[in-house]
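Asker: Structure incoming, see below.
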Amino acid sequence: MLLFVNGHLIWNYFVFAGHFCGTGMENASKRRPVVMKTLIVYETKHGTVEHAVALLAGKLHGETRTARVSDTLPKLSKFDTVIIGGSIYFGEIQKTLAMFMVKNREELLGKRLGLFICGAHPDPAEREKELENAFPKEFRDRAEAQAIFGYQIHFQELNPLERSIAKSILRQKVDKVGLNEEAIEAFAAKFN
Ligand SMILES: Cc1cc2nc3c(=O)[nH]c(=O)nc-3n(C[C@H](O)[C@H](O)[C@H](O)COP(=O)(O)O)c2cc1C
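Counting from -14, one number per residue, gives the positions in the sequence shown under our numbering.
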């Protein structure tokens, strides 16, 4: 009888304390899941990188914004992850992207970083070198993913000089449509 009375009181005490203090369990279930916020900053000349960015954005979890580097950019402080991508012309990434990295160096180095290029060099080893040269070493050392997403060539969009370069140096003879979706998928998976 006495035990029952004590047990009853003890039970009530826990119900009372749990009501005000909580166990943490119910709060955890109410807490909103952390949403990854990603900004993809890119540059393109004939639209390949823009296409790659759209494919990548579609594969990333969380909230993703995309912005051409020459457009008005949102505040970097709003994002946990920044992905930077451009295309290679005459061995180099666009100057606008290089300048963006110099100007925002400190803030970018505090983010989760992803780096990619589009390039059509016929030699895979050269393409790897282009990727290496496109980004500062300190960015590459920090990056969670770095990749080459392939390339596209649309001859009708090139001027005569560009056409002859595509044919002679890049050894492209016909239009190339389509990017390396596997590389884009694998890149996205590193952030998800
Ligand atoms: C004139 C010209 C020069 C190029 N130079 C290079 C190069 O040096 N290395 C490379 O890997 N790709 C080179 N490319 C291929 C482009 O990087 C490729 O077509 C890319 O998909 C273009 O992306 P964009 O349309 O987003 O600018 C060149 C293409 C053209 C037309």
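Glycine included, each C-beta is placed from N, C-alpha and C at the ideal position.
Pull up the distance between the alpha-carbon of GLY47 and that of THR23, whole angstroms please.
Answerer: Spanning the two alpha carbons is a distance of roughly 8 Å.
Asker: To the nearest angstrom, how far is the alpha carbon of ASN144 from that of THR33?
Answerer: Answer to the nearest angstrom: the Cα atoms are 16 Å apart.
Asker: Which residue from ALA151, ALA132, ILE133 puts its Cα closest to that of GLN141?
Answerer: The residue with the shortest Cα to Cα distance from GLN141 is ALA151.
Asker: Taking TYR74 and VAL54 to be in contact with their CB atoms under 8 Å, please state how far apart those CB atoms are, rounded to whole angstroms.
Answerer: TYR74 to VAL54, Cβ: 15 Å. No contact.
Asker: What residue range is occupied by the uninterrupted alpha helix (DSSP H) comprising PHE124?
Answerer: Here the alpha helix (DSSP H) through PHE124 covers 122 to 127.
Asker: Which runs of the alpha helix (DSSP H), 4 residues or longer, sit entirely within the stretch 60 to 124?
Answerer: Within the stretch 60 to 124, the complete alpha helix (DSSP H) runs of at least 4 residues are 80 to 88, 90 to 94, 109 to 119.
Asker: Tell me whether the beta-carbon of LEU164 lies closer than 8 Å to the beta-carbon of PRO107.
Answerer: No, these two residues do not count as a Cβ contact at 8 Å.
Asker: Rounded C-beta distance between THR51 and ALA42? I'm assuming under 8 Å.
Answerer: With 8 Å as the limit, THR51 and ALA42 qualify as a contact, their Cβ atoms being about 6 Å apart.
Asker: Identify whether GLN131 lies in helix, strand or coil by the three-state DSSP scheme.
Answerer: Strand, per DSSP.
Asker: What residues in its chain sit with their C-beta under 8 Å from that of ARG113, if we drop five residues either side in the sequence?
Answerer: With the sequence shown as reference, residue 113 is identified as Glu, and Arg is not the correct amino acid for it. Excluding positions up to five away in sequence, the list reads ILE133.
Asker: Measure the Cβ-Cβ separation of LYS96 and PHE120 and say whether it is below 8 Å.
Answerer: It is not a contact, given that the beta carbons lie outside the stated cut-off.
Asker: Can you tell me whether DSSP reads GLU48 as helix, strand or coil?
Answerer: Three-state DSSP puts GLU48 in a strand.
Asker: For TYR136, write down the residues that DSSP places opposite it in a beta bridge.
Answerer: None, per the DSSP bridge assignment.
Asker: How is ARG148 classed by DSSP in three states: helix, strand or coil?
Answerer: DSSP places ARG148 in helix when its eight states are reduced to three.
Asker: How is THR33 classed by DSSP in three states: helix, strand or coil?
Answerer: If DSSP states are grouped into helix, strand and coil, THR33 belongs with the helices.
Asker: Please name the residue, chosen from LYS158, ALA174, ARG148, ILE25, that lies closest to MET86 on a Cα-to-Cα basis.
Answerer: Checking every option, the nearest Cα to that of MET86 belongs to ILE25.
Asker: Pop quiz: GLU115 and ILE102 are said to be a contact at Cβ under 8 Å. What is the actual Cβ separation, rounded to whole angstroms?
Answerer: Confirmed, about 6 Å.
Asker: For GLY70, tell me which candidate among LEU45, ARG148, ASP160, LEU82 has the shortest Cα-Cα distance.
Answerer: It is LEU82 whose Cα lies nearest to the Cα of GLY70.
Asker: Taking 7 Å as the line, does the beta carbon of THR33 fall inside it for any heavy atom of ligand 1?
Answerer: Yes, Cβ of THR33 sits closer than 7 Å to a heavy atom of ligand 1.
Asker: How many Å lie between MET21 and THR66 at the Cα?
Answerer: Cα to Cα, the separation comes out at about 8 Å.
Asker: Judging by CA-CA distance, which residue of ALA130, LEU100, MET84, ARG90 is the nearest neighbour of SER194?
Answerer: Any question about residue 194 goes unanswered here, given that the chain covers just -14 to 177.
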